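Everything below concerns the one structure shown next.
Chains as they are written, first to last, in the working numbering: chain A, 1 to 200; chain B, 1001 to 1266.
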């Protein structure tokens, strides 16, 4: 059984999307700006009204409570958002030390003030926040957009390792052709509002 | 000590002063002259009207008339709450939320205090019931307006943060909790401040009125304390109810933030 299945999910102007994603698969999604990639991720995370449905291990989204669904099918927004002043206040449970280190932070990061973090730091912390929830499916909206090359490599490695450890799957929005070469196991491109699977 | 009756001439002198203010502000180009005069005329007409209505109610003591009057006051307060929102809820919610909260808090509280605390015979004696309800509604209305306004504005501004919490699997209630607290506080703080400043900075209007009308100061004070307590409780519960309902309405059953349920005033 597929880990994540989409049955004619419609978001924005895009044609209905049906596909099945196995655990361990990393599907790279690219297409022109404004073509509706983020809206598609939001529909899968059940954040917007949409048509069609997504299923996790055969169970439809409507069979989960919304918080349960979003814990399992975790989305990382293109721009990170925070609601408390301190980094640590955004983390519910124990933070995985190895993960923290792999993303280039020491344990003291938890006492940092968000107002003093750079965009790139916040983006990496948002990924940490998401992975700390241990979702089965990752919906990543340009997770490396505002990072320098060293941190792009770090983040890619962290995500690949995470997917291996937790048998997770990912839908990863990216504009970087080289990133597709590095991390993708499948590639879907948006052409004139159609979602087309292309060979790697 | 008896009340000195004001003549039409006395009021005309005060009206001339308002006119002088309007002319001065027009000369300064504040653009307030017209607004000021319209407001002054409205005050005169509205208060005269309510004077006649009160006179009628006093002379025709009947529960039916009183209920009608109370309903009109509630409906007007509900409308005012809606009008003060920059972003209000679509459909019946926009009107119903504030009105229901006021009904629940100030309306029932006014009833309770008339029957249990004041214990007049009959309990709906307009001399007590109408000013009491009026003060309760007037203050609760402000609290609810402030609270709801803060709620909807913050939800729009902090949309990304609310949705970030939803994405992490927080429930709607957790996702809006900080904004909800903040909005409830904003609605309640003016009343708390008013209680703290009463008598030191400001002499509350009702007490002043009773003293002007010849009541012994301590009797007036006791009534004022009662009113302050009732208003605070009414505003507090009313604001909590309205903000809670509003926060709930911002999300649907799938815990999605539904800002499309708000419409922005032009």
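We treat Cβ as the ideally placed atom computed from N, Cα and C, and that holds for glycine.
Just so we're clear, the structure is a prediction, and the values are computed from it rather than from any experiment.
For chain A, check one thing: does any of its Cβ atoms lie closer than 8 Å to the Cβ of residue i?
i	result
residue 1027 (chain B)	no
residue 974 (chain B)	Summary: the structure shown does not reach residue 974 (chain B), with chain B confined to residues 1001 through 1266, and so no result is reported for it.
residue 1090 (chain B)	no
residue 1039 (chain B)	no
residue 1262 (chain B)	no
residue 1138 (chain B)	no
residue 1097 (chain B)	no
residue 1184 (chain B)	no
residue 1248 (chain B)	no
residue 1135 (chain B)	no
residue 1001 (chain B)	Because residue 1001 (chain B) carries a pLDDT of 48, less than 50, the predicted location of this residue cannot be relied on, and the following value inherits that uncertainty. Cβ-Cβ to chain A under 8 Å: no for residue 1001 (chain B).
residue 1256 (chain B)	yes
residue 1171 (chain B)	yes
residue 1219 (chain B)	no
Could you check how far apart the C-beta atoms of residue i and residue j are, in whole angstroms? I think they sit under 8 Å.
i	j	result
residue 1140 (chain B)	residue 1105 (chain B)	6 Å
residue 52 (chain A)	residue 9 (chain A)	4 Å
residue 1243 (chain B)	residue 1187 (chain B)	7 Å
residue 1164 (chain B)	residue 43 (chain A)	About 17 Å; that fails the 8 Å criterion.
residue 1099 (chain B)	residue 1074 (chain B)	7 Å
residue 120 (chain A)	residue 147 (chain A)	5 Å
residue 136 (chain A)	residue 27 (chain A)	About 14 Å; that fails the 8 Å criterion.
residue 197 (chain A)	residue 173 (chain A)	That belief does not hold up - the Cβ atoms of residue 197 (chain A) and residue 173 (chain A) are roughly 15 Å apart, past 8 Å.
residue 188 (chain A)	residue 29 (chain A)	5 Å
residue 1147 (chain B)	residue 1184 (chain B)	6 Å
Please decide whether residue i counts as near chain B, where near means a Cβ-Cβ distance under 8 Å.
i	result
residue 71 (chain A)	yes
residue 168 (chain A)	no
residue 75 (chain A)	yes
residue 129 (chain A)	yes
residue 201 (chain A)	Since the first and last residues shown for chain A are 1 and 200, residue 201 (chain A) lies out of range.
residue 103 (chain A)	no
residue 172 (chain A)	no
residue 82 (chain A)	yes
residue 55 (chain A)	no
residue 14 (chain A)	no
residue 48 (chain A)	yes
residue 45 (chain A)	yes
residue 66 (chain A)	yes
If you draw a straight line from the alpha carbon of residue i to that of residue j, how long is it in whole angstroms?
i	j	result
residue 1169 (chain B)	residue 1260 (chain B)	22 Å
residue 953 (chain B)	residue 1080 (chain B)	No information on residue 953 (chain B) is available, as it lies outside the stretch 1001 to 1266 that chain B covers here.
residue 1142 (chain B)	residue 1232 (chain B)	12 Å
residue 1154 (chain B)	residue 1176 (chain B)	10 Å
residue 1054 (chain B)	residue 1120 (chain B)	18 Å
residue 1029 (chain B)	residue 1022 (chain B)	10 Å
residue 1230 (chain B)	residue 1111 (chain B)	11 Å
residue 1101 (chain B)	residue 200 (chain A)	60 Å
residue 1208 (chain B)	residue 1125 (chain B)	22 Å
residue 1001 (chain B)	residue 1007 (chain B)	Confidence at residue 1001 (chain B) is low in this model, with a pLDDT of 48, below 50, so its placement is unreliable and the value that follows should be read with caution. One C-alpha to the other measures close to 19 Å.
residue 1115 (chain B)	residue 1012 (chain B)	41 Å
residue 183 (chain A)	residue 139 (chain A)	14 Å
residue 1032 (chain B)	residue 1191 (chain B)	29 Å
residue 104 (chain A)	residue 24 (chain A)	24 Å
residue 50 (chain A)	residue 13 (chain A)	11 Å
residue 1061 (chain B)	residue 1131 (chain B)	16 Å
residue 1210 (chain B)	residue 1222 (chain B)	11 Å
residue 1019 (chain B)	residue 1027 (chain B)	12 Å
residue 1268 (chain B)	residue 1249 (chain B)	Only positions 1001 to 1266 of chain B appear in the structure, and residue 1268 (chain B) is not among them; the question remains open.
residue 39 (chain A)	residue 1089 (chain B)	24 Å
residue 149 (chain A)	residue 131 (chain A)	21 Å
residue 89 (chain A)	residue 112 (chain A)	10 Å
residue 1003 (chain B)	residue 1107 (chain B)	31 Å
residue 1152 (chain B)	residue 1179 (chain B)	9 Å
residue 1056 (chain B)	residue 1015 (chain B)	27 Å
Output the boundary residues of the beta strand (DSSP E) element that contains residue i.
i	result
residue 1173 (chain B)	Premise fails: residue 1173 (chain B) lies in the alpha helix (DSSP H), 1172-1175, not in any beta strand (DSSP E).
residue 158 (chain A)	Here residue 158 (chain A) belongs to no beta strand (DSSP E); instead the alpha helix (DSSP H) covers 149-166.
residue 74 (chain A)	73-76
residue 5 (chain A)	4-10
residue 141 (chain A)	137-141
What residue range does the alpha helix (DSSP H) around residue i cover?
i	result
residue 1067 (chain B)	1063-1083
residue 1120 (chain B)	No alpha helix (DSSP H) holds residue 1120 (chain B); DSSP gives it neither H nor E.
residue 197 (chain A)	That residue, residue 197 (chain A), is in no alpha helix (DSSP H); its beta strand (DSSP E) goes 194-198.
residue 1159 (chain B)	1159-1167
residue 28 (chain A)	Premise fails: residue 28 (chain A) lies in the beta strand (DSSP E), 26-30, not in any alpha helix (DSSP H).
Please identify the residue among the options whose C-alpha is closest to the C-alpha of residue i.
i	options	result
residue 201 (chain A)	A:8, A:39 and A:83	Any property of residue 201 (chain A) remains undetermined from this structure, which presents chain A solely from 1 to 200.
residue 1050 (chain B)	B:1183, B:1191, B:1127 and B:1158	B:1127
residue 1257 (chain B)	B:1214, B:1210, B:1061 and B:1159	B:1159
residue 1071 (chain B)	B:1171, B:1134 and B:1217	B:1134
residue 87 (chain A)	A:4, A:48, A:74 and A:125	A:125
residue 153 (chain A)	A:133, A:178, A:75 and A:109	A:178
residue 1064 (chain B)	B:1094, B:1122, B:1213 and B:1171	B:1122
residue 73 (chain A)	A:170, A:1, A:185 and A:160	A:170
Hey, is residue i close to the ligand FMN, as in C-beta under 7 Å from one of its heavy atoms?
i	result
residue 1086 (chain B)	This structure simply doesn't include the ligand FMN, nor any ligand for that matter.
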